[in-house]
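Quick notes on the structure that follows.
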Amino acid sequence: MSPTRKIAFPLKEMTEEKKGFLLGEEFKDTRSTQPRYLASLRGSGGHASFTAVTGLCTLCSDWWRDRGLQSEPLAILTGPSGMSVGTTPRYNVVSSWEEDIQRHGNMPALGNGFGNGKIQTRRKPRVRFVNKTGQCNVNFSHMEEQSQRYLADIFTTCVDIRWRWMFFLFSLAFILSWLAFGFIFWLIALVHGDFDRTSSEDFTPCIMQVNSFVAAFLFSVETQTTIGYGFRCVTEECPLAVLMVVVQSILGCIIDAFMIGAIMAKMARPKKRAQTLLFSHNAVIALRDGKLCLMWRVGNLRKSHIVEAHVRAQLIKPRVTEEGEYIPIDQIDINVGYDQGIDRIFLVSPLTIIHEINEESPLFGISKQDLASEDFEIVVILEGMVEATAMTAQVRSSYLSSEILWGHRFEPVVFEEKNHYKVDFTHFHKTYEVPSTPRCSAKDIEDSKSLHSAANFCYENELAFCQEDEEEDGIRGILGTEMETLSASLNSDQRSHHKESEI
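All letters in the sequence shown, in the order written, are residues 1 to 503 by the working numbering.
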């Protein structure tokens, strides 16, 4: 059953001229204007109904404005048709149709009524998958056995945590070990009876000068840190105490090695080196060698090189498969010259990374107008080895569709001086507009080129056929003239021979 659209509005005070403009000449002189007009809107709709709705909204707005009315019964009930606007959680409705009519009643009719004919929406900014700083905007939740898995890889956990937690664990490990062995030494002395005997008696304690828990704790600290004050010491009276001294010394070395290694690994991480590698704030789209290209800029703030530096990029956007499965984060590779080796760069001065928008590019069908409404994010990655430590460093950034400038190019940053090249980073993020950049998509450019080449091919073929026809006509004309001359000469010879025979 076809959907039905009903429109009710006051037609009593409309002039016949406006009624004729709205409903057409065939309804101008009738009294059943409104019912017949409503009947014309039933069904699947057509150009006549669409034009009528266009004039209806404008005339109704004029009628309200002329009478200074703020609210007048106007109900537009639409069924599930092509004029409905689908909503997603990424959009918020900020105004209704009635409010738009009241605020924009003097707006000229465009498209399918007033304004753009759609519900005015304000688009929410896309949530970044990768922040500008390179941090991935992802939080994990409801992981099974998270603590056990993290403790199984305790070294990586210690390297990844923040410095304040690192120092807290560093201090806690030593204090707990001191307390644990201090308690063991105090317990050994208590069992041996060191606290019950006086120094005047002929008695050898397990640990000299340990007569309380505090003294046992201090002995534990001196043993593990090898301070060696010489005041407290273990005796051969208690083999268990000697064994505990050996165990604590070994455990202290293990804790020292682990903590120093974790701190050194944390300090030597190439993550800090990534802070001296820059990506431009914006990406640009412009022509490069006659082809539409996506470009962004990378730079190195240090004189030390990034060995084996290479770049790659991915486009991230939601996608619905043919089976109806929704993929919120679909990753599509963007070719930056992997086949030709252009992705491997010598990053001494700032360079511009180029992605040619061709048939294999996910940006092939996007024009300048489409770019503002696209919902995607381009993640760019630079990888290489730090020259000083030979550790692999990775720096990341991303560009939303709103951060891609169509028809712009980057300003030059490398200038030739007398004996060297100068890099001016004040122009690193700056761009300038190129008005000659086409606004259409790369697909439209390719289609226009193919049509142009096909037209030229047809035109050239037509010229070739015409030339062949002219050559054939010329040959025929020459042959015809030669045949006529030959036949005339033969006729003259025959006549002369006939005369000679008569004589």
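Every residue, glycine too, gets a C-beta built ideally from N, C-alpha and C.
Would you report the Cα separation of residue i and residue j, rounded to the nearest angstrom?
{"i": "L222", "j": "T392", "result": "The amino acid at residue 222 is misidentified as Leu; the sequence shows Glu. C-alpha separation (whole angstroms): 41 Å."}
{"i": "K418", "j": "R439", "result": "41 Å"}
{"i": "K317", "j": "P435", "result": "29 Å"}
{"i": "L287", "j": "C293", "result": "6 Å"}
{"i": "S152", "j": "E237", "result": "Per the sequence shown, residue 152 should be read as Ala rather than Ser. Each residue's Cα considered, the two are about 40 Å apart."}
{"i": "Y399", "j": "I260", "result": "39 Å"}
{"i": "A216", "j": "V395", "result": "51 Å"}
{"i": "Y432", "j": "E411", "result": "7 Å"}
{"i": "L243", "j": "R197", "result": "24 Å"}
{"i": "F291", "j": "H355", "result": "The residue asked about is misnamed: residue 291 is Lys in this sequence, not Phe. Roughly 10 Å separates the two Cα atoms."}
{"i": "W406", "j": "K272", "result": "33 Å"}
{"i": "N300", "j": "R409", "result": "20 Å"}
{"i": "D333", "j": "I357", "result": "13 Å"}
{"i": "L187", "j": "V245", "result": "14 Å"}
{"i": "P270", "j": "G337", "result": "26 Å"}
{"i": "M166", "j": "A257", "result": "14 Å"}
{"i": "R164", "j": "A180", "result": "24 Å"}
{"i": "I227", "j": "V348", "result": "51 Å"}
{"i": "L277", "j": "A372", "result": "29 Å"}
{"i": "E308", "j": "V130", "result": "24 Å"}
{"i": "I306", "j": "R344", "result": "11 Å"}
{"i": "T352", "j": "I263", "result": "37 Å"}
{"i": "N139", "j": "H192", "result": "55 Å"}
{"i": "C158", "j": "V247", "result": "24 Å"}
{"i": "P205", "j": "S171", "result": "31 Å"}
{"i": "F213", "j": "F168", "result": "25 Å"}
{"i": "D582", "j": "T437", "result": "The structure shown does not extend to residue 582, since the chain spans only 1 to 503, so no value can be given for it."}
{"i": "T133", "j": "A274", "result": "10 Å"}
{"i": "R149", "j": "H142", "result": "13 Å"}
Within its chain, find whatever has a CB closer than 6 Å to the CB of residue i; leave out the 5 residues flanking it on each side and keep chain order.
{"i": "T156", "result": "none"}
{"i": "H281", "result": "H429"}
{"i": "A173", "result": "I255"}
{"i": "R312", "result": "I381"}
{"i": "M83", "result": "With a pLDDT of 37 at M83, under the threshold of 50, the modelled position of that residue is not reliable, and no figure is offered here."}
{"i": "S96", "result": "Because the pLDDT at S96 is just 39, under 50, the model does not fix this residue reliably, and the value given afterwards should be weighed accordingly. Closer than 6 Å at the Cβ level, and outside the excluded window around S96, lies no residue."}
{"i": "R302", "result": "T276"}
{"i": "T504", "result": "The question about residue 504 has no answer here: the residues shown for the chain are numbered 1 through 503."}
{"i": "Y326", "result": "V320"}
{"i": "R297", "result": "S280, P350, T352 and F410"}
Can you name the start and end residues of the beta strand (DSSP E) that residue i belongs to?
{"i": "V386", "result": "E377 to V386"}
{"i": "R164", "result": "No beta strand (DSSP E) holds R164; the alpha helix (DSSP H) holding it covers W163 to H192."}
{"i": "S147", "result": "Looking at the DSSP string, S147 is not in any beta strand (DSSP E); the run it does join, the alpha helix (DSSP H), is Q146 to A152."}
{"i": "I506", "result": "In the structure displayed, the chain extends from 1 to 503; residue 506 sits before or after that span and is not available."}
{"i": "L363", "result": "Looking at the DSSP string, L363 is not in any beta strand (DSSP E), and its letter there is neither H nor E."}
{"i": "F415", "result": "V414 to E416"}
{"i": "A286", "result": "A283 to R288"}
{"i": "D333", "result": "Y326 to I334"}
{"i": "V320", "result": "I306 to V320"}
{"i": "F140", "result": "Looking at the DSSP string, F140 is not in any beta strand (DSSP E), and its letter there is neither H nor E."}
{"i": "A393", "result": "T392 to L400"}
I need the boundaries of the alpha helix (DSSP H) containing residue i, first residue and last residue.
{"i": "Y421", "result": "Per DSSP, Y421 belongs to no alpha helix (DSSP H); it is in the beta strand (DSSP E), Y421 to V423."}
{"i": "E222", "result": "F213 to T225"}
{"i": "S249", "result": "P239 to M267"}
Can you find the residues in the same chain that come closer than 7 Å, C-beta to C-beta, to residue i, ignoring five residues on each side of it along the sequence?
{"i": "I366", "result": "E374 and S441"}
{"i": "L251", "result": "S177"}
{"i": "K443", "result": "F364 and G365"}
{"i": "M208", "result": "R232, C233 and T235"}
{"i": "V210", "result": "F185, A189, D194, A216, F219 and R232"}
{"i": "F203", "result": "R197"}
Once the 5 residues before and after residue i are set aside, which same chain residues still bring their CB inside 8 Å of it?
{"i": "S304", "result": "V386, E387 and A388"}
{"i": "D330", "result": "I316, K317, P318 and R319"}
{"i": "R128", "result": "N137, E377, S398 and L400"}
Would you list the one or two residues that DSSP bridges to residue i?
{"i": "L351", "result": "V298"}
{"i": "Y432", "result": "R409"}
{"i": "I207", "result": "V234"}
{"i": "V159", "result": "None, per the DSSP bridge assignment."}
{"i": "F279", "result": "V298"}
{"i": "L451", "result": "Answer is none; L451 lacks a bridge partner."}
{"i": "K291", "result": "R288"}
{"i": "V127", "result": "V127 is not bridged to any residue."}
{"i": "R273", "result": "In DSSP, R273 forms no bridge with anything."}
{"i": "R344", "result": "H310"}
{"i": "I445", "result": "Bridge partners of I445: none, in fact."}
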